[in-house]
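Accompanying notes for the structure given below.
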Amino acid sequence: MLLQVFLFRTKILLVSKCGKRTMKILLIDDNQDITTMFAKYFQLKGHDIHVSNGGQNGLQMIENGLFDVILLDLAMPDFSGHDIIDYLHKNNKLDHKIIISLTASSVSDDDKAYLIERGVHSVLRKPIDPDELLNYLMRVKS
């Protein structure tokens, strides 16, 4: 099993390094340690990563750019992930966007259902292993 996982990760790395299946990712999170770690990780894996450390700036980046995946922290002080999702949903700007919500706190089933109804692809709990997150994103995008 370890060999298969290693080969799978190696294959993903090689595919990314060859320029195939690379993703343009937007990460919106107010925790600078998290954004720095994931930015370095995704860059090393050959992906195009853009970072916003706040909700307002993140919303502008969503509206001005085309991203394959948006990783969105739900709990931010200035403009939360919930605010961004509600704005995009209200203004019909969720078409063809894969939004994955990230949270350090527990999320009720009702809240998850609400987010998915609003257009969120999934809700993941922090902390998240970068390798597991990348593998998940590759499956979502394929």
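This note's numbering puts the last residue of the sequence shown at 150; the count rises by one with no breaks. Just so you know, even glycine gets a beta-carbon here, dropped at the ideal spot from N, CA and C.
Separation of Lys120 and Leu79 (C-alpha to C-alpha, rounded to the nearest whole angstrom) is 15 Å. A Cβ-Cβ separation of about 20 Å leaves Asn72 out of contact with Asp38 under the 8 Å criterion. DSSP, reduced to helix, strand and coil, places Leu110 within a strand of the structure shown. Taking each of Lys32, Gln40, Gln68, Gln64 in turn and checking the Cα distance to Gln51, the smallest one comes out for Lys32.
Inclusion of Leu142 and Val131 in the CB contact set at 8 Å is not warranted, their separation being larger than that value.
Below 8 Å, too few C-beta pairs join the stretch 41–60 and the stretch 88–103 to call them touching: fewer than three. In the DSSP assignment, Lys105 falls outside any alpha helix (DSSP H) and carries neither an H nor an E. A distance of 8 Å or more separates the beta carbons of Leu102 and Gly63. Just so you know, the alpha carbons of Ser109 and Ile92 end up roughly 11 Å apart. Straight across, the Cα-Cα distance linking Ser113 with Phe75 is about 26 Å.
Annotation for Asp81: the continuous beta strand (DSSP E) segment containing it runs 77–81. A Cβ-Cβ separation of about 7 Å places Lys149 in contact with Val77 under the 8 Å criterion.
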